[in-house]
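Each remark here refers to the structure printed beneath this line.
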Amino acid sequence: MNDSVQNTPLHEWHRKRGGRLTDFAGWRLPVFYEGAGIVAEHLHTRAAASLFDVSHMAQVSAPAAVLEKLSPPRFSELAAGECKYALLLNDDGGIVDDFVAGKENSGDGCRCVFNASRRESVLQRLRTAAAENELREHKNLALLAVQGPLAEAAVCALLPLARELDFMRAMQTEWLGEECVLCRCGYTGEDGFEISIAATVAEELANALIAGGVVQPAGLGARDSLRLEAGLCLYGNELNEKTTPAEAGLLWTIPKTRLQNESENETFAGANVLREQIQSGVNRALAGFLPQTKIPVRGGAQLIEGNETVGEITSGLFAPTLNAPAALGYIKPEKNKTGATVDAIVRGKRIQCKIAPPPFVPRRYKKKEKGKQ
Amino acid sequence: MKKYTQQHEWLQQIGEVWRVGVSDYAQDQLGDVVAVELPAPGAKLSAGGECAVIESVKAASEVYAPAEGEVTAVNEALAENPQLVNESPEDEGWIWEMRIAEGNLPDGLMNAAEYKTFSAGDS
Numbered sequence: 012m013n014d015s016v017q018n019t020p021l022h023e024w025h026r027k028r029g030g031r032l033t034d035f036a037g038w039r040l041p042v043f044y045e046g047a048g049i050v051a052e053h054l055h056t057r058a059a060a061s062l063f064d065v066s067h068m069a070q071v072s073a074p075a076a077v078l079e080k081l082s083p084p085r086f087s088e089l090a091a092g093e094c095k096y097a098l099l100l101n102d103d104g105g106i107v108d109d110f111v112a113g114k115e116n117s118g119d120g121c122r123c124v125f126n127a128s129r130r131e132s133v134l135q136r137l138r139t140a141a142a143e144n145e146l147r148e149h150k151n152l153a154l155l156a157v158q159g160p161l162a163e164a165a166v167c168a169l170l171p172l173a174r175e176l177d178f179m180r181a182m183q184t185e186w187l188g189e190e191c192v193l194c195r196c197g198y199t200g201e202d203g204f205e206i207s208i209a210a211t212v213a214e215e216l217a218n219a220l221i222a223g224g225v226v227q228p229a230g231l232g233a234r235d236s237l238r239l240e241a242g243l244c245l246y247g248n249e250l251n252e253k254t255t256p257a258e259a260g261l262l263w264t265i266p267k268t269r270l271q272n273e274s275e276n277e278t279f280a281g282a283n284v285l286r287e288q289i290q291s292g293v294n295r296a297l298a299g300f301l302p303q304t305k306i307p308v309r310g311g312a313q314l315i316e317g318n319e320t321v322g323e324i325t326s327g328l329f330a331p332t333l334n335a336p337a338a339l340g341y342i343k344p345e346k347n348k349t350g351a352t353v354d355a356i357v358r359g360k361r362i363q364c365k366i367a368p369p370p371f372v373p374r375r376y377k378k379k380e381k382g383k384q
Numbered sequence: 014m015k016k017y018t019q020q021h022e023w024l025q026q027i028g029e030v031w032r033v034g035v036s037d038y039a040q041d042q043l044g045d046v047v048a049v050e051l052p053a054p055g056a057k058l059s060a061g062g063e064c065a066v067i068e069s070v071k072a073a074s075e076v077y078a079p080a081e082g083e084v085t086a087v088n089e090a091l092a093e094n095p096q097l098v099n100e101s102p103e104d105e106g107w108i109w110e111m112r113i114a115e116g117n118l119p120d121g122l123m124n125a126a127e128y129k130t131f132s133a134g135d136s
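Protein sequence lines, in the order shown, are assigned to chains A and X. Position one of the first sequence corresponds to residue 12 (this note's numbering), numbered consecutively onward. Position one of the second sequence corresponds to residue 14 (this note's numbering), numbered consecutively onward.
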């Protein structure tokens, strides 16, 4: 393996548990664990809860005013602890990264979690709107994701305040005397938490979380199959600098008022392109596909209707909860009709795929009950 | 007696034909097998040509013909139970059978002990 590859604070922990390690975005991480495997880890997450090491992700604090120049949400109006899924955009409205930002308790900053593979590009982009001393990258931290219907019980056994959080809410607390940031969010479609804590206590926290046997470790393989079933985009597959939020079905991340004619210094990067795309439409749209065989259709497969190329698959795998293949991809908007079929080309053969809007498995987030104060 | 290739396949002579599958080491590397695309009986294979495809959750892996020859049978059980490749890779999880003319067997086939050493160095 490449020596420039970094280990997370849980590296030894993964090795001891039979983690099958791979190089991912410059980090050495488990794809799955021996004795379990992607399917078992995936199904366990949906039935109980799993622990994912996502310490490779970049944690950066930035002022809300800086983020608002490059990303649509009104970060300055967020309450302390309120979190947003957001897109960092380039000047053409293309997506530099997708991230979760949580408003910090003091000051006007947001603590953001970016993709590891995008760290350099993100920092470069943020620097176009921020002075160097306005950005703070948090180092020597672990980030642990606990995901699944039993995640709440497992996390609250250690951090009882976690119960008070609703979906997309974060809080600062302590564990073993170390400050930790707890956010009710995730990347599996299940309820769950991401816990940012000092690397020095990462192993202890991981051990405490799996101690009862309910929470089991899970690797990148299950993380990918879970997010695809939940219809969540993966940067590098569904999202890139040439793809806009309008194409990716992510206009919901943009407050409508920010697309109205704002003055030059209040608007965000790419707003003009997005306004134009909303008015005139786009040439491709993200859609879900269910191949009508057991053979998975993978990223890169062309989509054909008759003899016409109508799109391309961006992610495809065998979805363990469905016990069938599922895929995401881009298709001409006029062809994106639920229940219609197109053919995907796999090794020269046509595989019929039914168009189905994601998520393929219902998301089960713990949202605030309506009417409850 | 089984013979192994450097591509982590095994061959075993059964009467007039050779049965082919992937090694236990190979299935362990592949992870959960979810589908197997089988060759057509009667298909003419060229040595090193793509013959079958093993699909795991994340990836598709080609299985290559170890020698020139004709497919005489395929393991139909894999259509319903592709996980046989994981559970019993060197027995019930066989993939196809083929006729191989004398002299067409590839060089460098390994016995079980040799293959064990080879695959240990591969990981």
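Backbone N, C-alpha and C fix where the C-beta goes; we use that ideal spot for every residue, glycine too.
Out of the options, state which residue places its alpha-carbon closest to the alpha-carbon of residue i.
i, options, result
"isoleucine 67 of chain X", "X:Val49, X:Gly82, X:Leu58, X:Ala60", "X:Val49"
"alanine 335 of chain A", "A:Phe204, A:Leu314, A:Phe371", "A:Phe371"
"asparagine 151 of chain A", "A:Asp202, A:Ala210, A:Val157, A:Leu270", "A:Ala210"
"valine 98 of chain X", "X:Gln40, X:Glu29, X:Leu24", "X:Gln40"
"leucine 297 of chain A", "A:Arg374, A:Ser66, A:Ser326", "A:Ser326"
"alanine 91 of chain A", "A:Glu115, A:Cys167, A:Val111", "A:Glu115"
"glutamate 345 of chain A", "A:Cys364, A:Val321, A:Arg234, A:Gln363", "A:Val321"
"serine 36 of chain X", "X:Gln25, X:Glu29, X:Val30", "X:Gln25"
"asparagine 94 of chain X", "A:Lys305, A:Ala47, A:Thr349", "A:Lys305"
"isoleucine 221 of chain A", "A:Leu172, A:Ala156, A:Arg174", "A:Ala156"
"phenylalanine 279 of chain A", "A:Met68, A:Glu143, A:Leu81", "A:Leu81"
"glycine 113 of chain A", "A:Leu89, A:Val133, A:Ala127, A:Ile362", "A:Leu89"
"histidine 25 of chain A", "A:Thr264, A:Lys267, A:Leu231, A:Phe329", "A:Leu231"
"glutamate 131 of chain A", "A:Glu93, A:Pro160, A:Gln70, A:Val111", "A:Gln70"
"glutamate 148 of chain A", "A:Val124, A:Pro369, A:Ala164", "A:Val124"
Could you tell me whether any Cβ in chain X is nearer than 9 Å to the Cβ of residue i?
i, result
"histidine 53 of chain A", "yes"
"threonine 211 of chain A", "no"
"threonine 264 of chain A", "no"
"threonine 304 of chain A", "yes"
"leucine 328 of chain A", "yes"
"proline 331 of chain A", "yes"
"lysine 383 of chain A", "Model confidence at lysine 383 of chain A stands at a pLDDT of 45, short of 50, so the residue's coordinates are unreliable and nothing is read from them."
"arginine 361 of chain A", "no"
"arginine 358 of chain A", "yes"
"leucine 32 of chain A", "no"
"proline 336 of chain A", "yes"
I'd like to know whether the C-beta atoms of residue i and residue j end up nearer to each other than 9 Å.
i, j, result
"methionine 14 of chain X", "asparagine 124 of chain X", "yes"
"valine 353 of chain A", "isoleucine 366 of chain A", "yes"
"tyrosine 246 of chain A", "isoleucine 342 of chain A", "no"
"glutamate 240 of chain A", "glycine 200 of chain A", "yes"
"alanine 162 of chain A", "alanine 60 of chain A", "yes"
"alanine 86 of chain X", "glycine 62 of chain X", "no"
"glutamine 103 of chain X", "glycine 34 of chain X", "According to the sequence as given, residue 103 of chain X is glutamate; it is not glutamine. Going by C-beta atoms, glutamate 103 of chain X is nearer than 9 Å to glycine 34 of chain X."
"alanine 259 of chain A", "leucine 301 of chain A", "no"
"alanine 233 of chain A", "isoleucine 49 of chain A", "yes"
"glycine 310 of chain A", "glycine 340 of chain A", "yes"
"phenylalanine 63 of chain A", "proline 331 of chain A", "no"
Hey, is residue i's beta-carbon within less than 9 Å of any beta-carbon in chain A?
i, result
"serine 69 of chain X", "yes"
"glycine 134 of chain X", "no"
"aspartate 45 of chain X", "yes"
"alanine 73 of chain X", "yes"
"valine 66 of chain X", "yes"
"histidine 21 of chain X", "no"
For residue i, verify whether its CB is less than 8 Å away from any heavy atom of the ligand PLP.
i, result
"phenylalanine 110 of chain A", "Of ligands this structure carries none, so the ligand PLP is not represented either."
Skipping 5 residues on each side, what residues in its chain have a beta carbon closer than 7 Å to that of residue i?
i, result
"threonine 130 of chain X", "none"
"arginine 195 of chain A", "Leu176, Asp177, Phe178, Met179, Arg180, Phe204, Lys377"
"alanine 80 of chain X", "Ala60, Ile113, Asn117, Leu118, Pro119"
"leucine 170 of chain A", "Thr184, Trp186, Leu193"
"arginine 374 of chain A", "Gly200, Ala241"
Whose C-beta lies closer than 6 Å to the C-beta of residue i among residues of the same chain, with five residues either side of it excluded?
i, result
"arginine 39 of chain A", "Val16, Asn18, Leu32"
"proline 84 of chain A", "Lys95, Ala97"
"lysine 27 of chain A", "none"
"leucine 385 of chain A", "Since the displayed chain A opens at 12 and closes at 384, residue 385 of chain A lies outside it and no answer follows."
"leucine 262 of chain A", "Pro256"
"asparagine 294 of chain A", "none"
Residues in its own chain within less than 8 Å of residue i by CB, not counting five upstream and five downstream?
i, result
"lysine 71 of chain X", "Gly44"
"glutamine 386 of chain A", "Because chain A spans 12 through 384 in this model, residue 386 of chain A falls outside it and cannot be assessed."
Using a Cβ-Cβ cutoff of 9 Å, what residues of the region 34-49 of chain A are near chain X? List them in chain order. Val42, Phe43, Glu45, Gly48, Ile49
With 7 Å as the limit, tell me which residues of the region 92-113 of chain X have their beta carbon closer than that to any beta carbon of chain A; keep them in chain order. Answer in chain order: no residues at all.
Please name the residues in the region 220-254 of chain A whose beta-carbon is closer than 8 Å to at least one beta-carbon of chain X, in chain order. Gly232, Asp235, Ser236
By the 7 Å beta-carbon criterion, what residues does the region 27-55 of chain X contribute toward chain A? Gly44, Asp45, Val47, Ala48, Glu50
Please identify, using Cβ separations under 8 Å, the residues of the region 307-320 of chain A that lie next to chain X, in order along the chain. Pro307, Arg309
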